[in-house]
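Participant:
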Ligand code: NDP
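Numbering (our numbering), first residue to last: 8 to 323.
Rendered as structure tokens:
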């Protein structure tokens, strides 16, 4: 495994992280979830990403059980707060102090740990002053329950304001978690430059676009058995990519991957890691073989010619 620093901080995370959205506690049975975590650990992955809201808290619990007995110092555990997880109360959502404190404590219990390495605001909350949110994060850091702080899917402007407050309150604000893949490059013009200025790294999600970039979904073909598309909840999430023009373009990446001697999934993961502001690609997996395959992307360097060919296919 290779490691990269998160922003200007002292925290190293593995270039490939393992995340359990839509899998643990839902699509994937407990035993299979543990097998995926084991595959991740065997592959050298030390960074695990989850969220309180995944499978309505069950994903954190599964991850806690799967990592039980591992040496805590050798792991980086990341989770998030924002969406409601309970039956719903006036404060059971968002980035207000009450919800953040209660959610953090509940996450620690489910993850069976005394602290998380990175605690992330899952989205921006327009209804709560950012000062209140940052102060709650600052207090969690002072209590030792959270080591570093990050955010997810914030705009460049929100990140810049957050960074200014974090400096004032001495919060170690180190990362942004966006969607990023060959098919979704929204962060390139503004978010990445803002993060570079503020000393934050990207920890990117859905690097294989939920399976689309593996090339396994063919235009007009039957839904592959056991895939995210075949899963009731997963199919809603992946639906946006299920267009013939997208699926046909993805098929044109196949010869590029073959020529480079890599699989399409590896090409997609290596592509996000080519960006120096990306500290880690969070991969999902419904089975261990996918972890073993995708993690090999850390050794792939894509030259300018390959990158140009990819651009030509996807911009064409
Ligand atoms: P990916 O783009 O890596 O998609 C993972 C899925 O693609 C797998 O579960 C599998 O689904 C399929 N797949 C992966 N590799 C292969 C392969 N080699 N061959 C065939 N199929 C493959 O990432 P996710 O969308 O799962 O997101 C990863 C993580 O990012 C999440 O777990 C979460 O931690 C984080 N995330 C964060 C968000 C946020 O808002 N901050 C939002 C979304 C994700 P299958 O086998 O079922 O088809």
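Glycine residues also receive a C-beta, built at the ideal position from the N, C-alpha and C atoms.
Just confirm the distance between the C-beta atoms of residue 289 and residue 26, as a whole number of angstroms; I'd bet it's less than 8 Å.
Facilitator: 4 Å between Cβ atoms; contact.
Participant: On the criterion of 16 or more Cβ atoms from any shown chain inside 10 Å, does residue 100 qualify as buried, or is it exposed?
Facilitator: Buried: at least 16 other Cβ atoms inside 10 Å.
Participant: Quick one: residues in its chain with C-beta nearer than 8 Å to the C-beta of residue 256, no 5 flanking neighbours on either side, listed in chain order?
Facilitator: 320, 321, 323.
Participant: If you draw a straight line from the alpha carbon of residue 89 to that of residue 130, how long is it in whole angstroms?
Facilitator: Straight-line Cα distance between these residues: approximately 6 Å.
Participant: When every heavy atom of ligand 1 is checked, does at least one fall within less than 7 Å of the C-beta of residue 290?
Facilitator: The answer is yes for residue 290.
Participant: Which residue wins for smallest C-alpha separation from residue 218, given the options 281, 301, 35?
Facilitator: Taking only the C-alpha atoms, the option nearest residue 218 is 301.
Participant: Quick one: what's got a C-beta closer than 6 Å to residue 35's C-beta in the same chain, skipping five residues either side?
Facilitator: Here the set comprises 293.
Participant: Measuring alpha carbon to alpha carbon, tell me which of 79, 98, 104 ends up nearest residue 119.
Facilitator: Residue 119 has its Cα closest to that of 79, out of 79, 98, 104.
Participant: Could you tell me whether any non-hydrogen atom of ligand 1 is closer than 7 Å to the CB of residue 318?
Facilitator: Not under cutoff, so the answer is no.
Participant: If you follow the alpha helix (DSSP H) that residue 129 is in, where does it begin and where does it stop?
Facilitator: Unbroken run through residue 129: none, as it is neither H nor E.
Participant: Pick out the complete alpha helix (DSSP H) segments inside the stretch 173-241, 4 residues or longer, and give them in chain order.
Facilitator: The stretch 173-241 contains these whole alpha helix (DSSP H) runs: 198-205.
Participant: Is residue 97 helix, strand or coil when you go by DSSP?
Facilitator: Residue 97 falls in the coil class under three-state DSSP.
Participant: Going by beta carbon distance, what residues of the same chain come within less than 6 Å of residue 276, once the five residues before and after it are set aside?
Facilitator: 214, 288, 301, 304, listed in sequence order.
Participant: Pick from 279, 63, 308: whose alpha carbon is nearest that of residue 189?
Facilitator: Comparing Cα-Cα distances from residue 189 to each of 279, 63, 308, the minimum goes to 279.
Participant: Spatial neighbours of residue 142 within its chain, please: CB distance less than 8 Å, with the 5 preceding and 5 following residues excluded, ordered by chain position.
Facilitator: Result list for residue 142: 104, 176, in chain order.
Participant: Counting Cβ pairs, one atom from each stretch, are 3 or more of them under 8 Å apart for the stretch 246-254 and the stretch 41-54?
Facilitator: No, the stretch 246-254 does not touch the stretch 41-54.
Participant: Could you spell out the range, first to last residue, of the alpha helix (DSSP H) harbouring residue 77?
Facilitator: Taken as a continuous stretch (DSSP letters only), residue 77 belongs to no alpha helix (DSSP H), as it is neither H nor E.
Participant: Could you work out which residue in 223, 152, 181 is closest to residue 166 when comparing CA atoms only?
Facilitator: The residue with the shortest Cα to Cα distance from residue 166 is 181.
Participant: Would you say the beta carbon of residue 218 is closer than 7 Å to some non-hydrogen atom of ligand 1?
Facilitator: Yes; taking the cut-off as 7 Å, the Cβ of residue 218 has a heavy atom of ligand 1 nearer than that.
Participant: Could you check whether the Cβ of residue 243 sits closer than 7 Å to any heavy atom belonging to ligand 1?
Facilitator: No, the beta carbon of residue 243 sits no closer than 7 Å to any heavy atom of ligand 1.
Participant: Going by Cα to Cα distance, which pick from 84, 185, 239 is closest to residue 285?
Facilitator: Ranking the options by Cα distance to residue 285, first place goes to 185.
Participant: By the 10 Å Cβ neighbour count, where 16 or more other Cβ atoms means buried, how is residue 127 classified, buried or exposed?
Facilitator: Under this definition residue 127 is a buried residue.
Participant: Checking 8 Å against the spacing of the C-beta atoms, do residue 183 and residue 157 come in under that value?
Facilitator: Against a cut-off of 8 Å, the Cβ pair of residue 157 and residue 183 comes out as a contact.
Participant: According to DSSP, is residue 265 helix, strand or coil?
Facilitator: Three-state result, residue 265: helix.
Participant: For residue 260 versus residue 155, is the C-beta distance shorter than 8 Å?
Facilitator: No, the Cβ-Cβ distance between residue 260 and residue 155 is not below 8 Å.
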